[in-house]
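Here the structure comes first, spelled out in structure tokens, and everything after it is commentary.
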Ligand code: AMP
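Put into structure tokens, the structure is as follows:
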């Protein structure tokens, strides 16, 4: 299928051709015609699926066909996003896709001065990308008006709730015209998201481009078990031994302090690194991101919030130095690799303390991650086995002879060190296979 077959206007088609977008992605194939027809949309689509163009292209099309209608402080299409980084990224995409169109777009978010934003909004904009808190501030100061608003997009709705924006969102919804089109995008679907969708959407088209709460299929996922205190050492060892030096990588660390520490260690080892987290000023974060995207820095170390929505092309590897506290973040993190058809690798360094987080991730993504133990880094504190139902198996049963290879702790083909879990007369290393694809069951029960 082509973009032309979706009925998009010529200037958009020309831009898409110049960007090398040959055909619509799955979410675009479903979303674009529905949005053009004025339908509400409930889309289960994570970053990397092309969801931004899925809503931006039909909005640009519709607003252009309607012609200029903007009056002072008015907004015709509002796109709510959880973080400033995502706001910048979505706005950049809108500008790119709309480069041949006579439309105005803008992004507003907190952490920077509100005055330039108020000035910019005076003339009104066709498309406004906003984080909920700053949008409300602007609304309360009459810097933005919603009387002309036609379309509301909630991008990464799950993340907005995770970040505690529920009250702000309710306040924004109450200020919007009731008659409007609403599009809701979310990578994961909790009860709260379903409830929000039930309240906001009218007879929506449901689009699901990845299995609910399943991680992107093109990403190979591994975990390496290690003691907490040796994570930094293991990371440096892998960096060197696995030839990671050749490509760029994004590393997720749980805390801001942890980010600073790893950045410092890598820098001391002579590695080109930058870091982003919530304590760093916004311009510093944007600069770090730009430098990383331009390939000037090899490693970017980030917390979840700071890394939200990062659009980085062809990133081959994402490393979870720590597992995230919220299991959904794992899906978002690994969505940075294996994008737009490329295969990626997501590697998690996991210590015994993190077994509950691991179990939650495996339950959410309906899989058991392939374990690996790096020679010389076998943990003193073993990471208990887990299974895809989210169980932590503290005392696994001794397997029957010949069943060793069928442990659920071993995912796709790979070397799996079974360590202390089995009798010493059992082989310590076994290669195991299971059918490819996420959510697939291991080849047999433990
Ligand atoms: P998103 O899921 O919106 O963050 O988009 C993921 C990436 O895919 C972005 O880098 C887009 O530029 C790219 N992309 C989106 N749609 C297409 C398409 N139809 N063909 C090729 N690349 C695309």
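In my numbering, the protein residues as written are 5 to 450.
For every residue, glycine included, the Cβ atom is placed at its ideal position computed from N, Cα and C.
Can you tell which of 349, 396, 378 and 381 has its C-alpha closest to the C-alpha of residue 362? 396
Do the CB positions of residue 256 and residue 322 come within less than 9 Å of each other? yes
Pair every Cβ in the stretch 82-94 with every Cβ in the stretch 131-143, then say whether three or more of these pairs are closer than 8 Å. yes
Taking 8 Å as the cut-off, does the CB of residue 32 come closer than this to any heavy atom belonging to the ligand AMP? yes
In chain order, what residues of the same chain lie with their CB nearer than 6 Å to the CB of residue 110, ignoring the 5 residues before and after it? 124, 129 and 132
For the ligand AMP, I want to know if residue 20 counts as a neighbour, meaning its beta carbon is within less than 8 Å of at least one of the ligand's heavy atoms. yes
Going residue by residue through the stretch 135-184, where are the continuous alpha helix (DSSP H) segments of at least 4 residues, counting only ones entirely within it? 136-144, 161-166 and 170-179
According to DSSP, is residue 304 helix, strand or coil? strand
I'd like to confirm the pairing. Which residues does DSSP put opposite residue 371 in its beta bridges? None; residue 371 has no bridge partner.
For residue 385 and residue 232, I'd like the C-alpha separation in whole angstroms. 9 Å
With hydrogens ignored, establish whether the beta-carbon of residue 297 is closer than 8 Å to any heavy atom of the ligand AMP. no
When the Cβ atoms of the stretch 91-105 are set against those of the stretch 33-50, are three or more pairs found closer than 8 Å? no
Residue 465 versus 101, 339, 107 and 370, residue with shortest Cα-Cα distance: Residue 465 cannot be examined here, being either before or after the span of the chain that is shown, 5 to 450.
Please confirm if the stretch 16-32 is in contact with the stretch 174-186, defined as three or more CB-CB distances below 8 Å between the two stretches. no
Secondary structure, beta strand (DSSP E): runs of 3+ residues fully inside the stretch 196-261: 209-212, 223-229 and 253-256
For residue 82, which residues does DSSP report across the bridge? 132 and 156
DSSP on residue 365, reduced to helix/strand/coil? helix
Contacting residues, own chain, Cβ-Cβ under 6 Å from residue 209 (five flanking each side not counted): 38, 43 and 45
When 260, 387, 302 and 167 are compared against residue 282, the one with the closest alpha-carbon: 260
Cβ-Cβ separation, residue 293 to residue 89 (assumed contact under 8 Å), whole Å: 7 Å
Under 9 Å, do residue 248 and residue 374 count as touching if we go by C-beta distance? no
Who pairs with residue 9 in a beta bridge, going by DSSP? DSSP lists no partner for residue 9.
Taking only the alpha-carbon atoms, compute the straight-line gap between residue 382 and residue 324 and give it to the nearest angstrom. 18 Å
Hey, is residue 92 close to the ligand AMP, as in C-beta under 8 Å from one of its heavy atoms? no
In the DSSP output, which residue or residues are listed as bridge partners for residue 376? 228
Grouping DSSP H, G and I as helix and E and B as strand, with all else coil, what is residue 14? helix
Does DSSP put residue 113 in a helix, in a strand, or in coil? coil
Kindly indicate which residue of 190, 91, 368 and 332 has the alpha-carbon position closest to the one of residue 161. 190
Measuring from the CB of residue 10, is there a heavy atom of the ligand AMP at a distance below 8 Å? no
Three-way DSSP call (helix, strand, coil) for residue 190 in this model: strand
Inspect the beta-carbon positions of residue 196 and residue 143 and report whether they are closer than 9 Å. no
Stretch-stretch touch, CB-based, cutoff 8 Å, three pairs: the stretch 289-304 with the stretch 228-242: no
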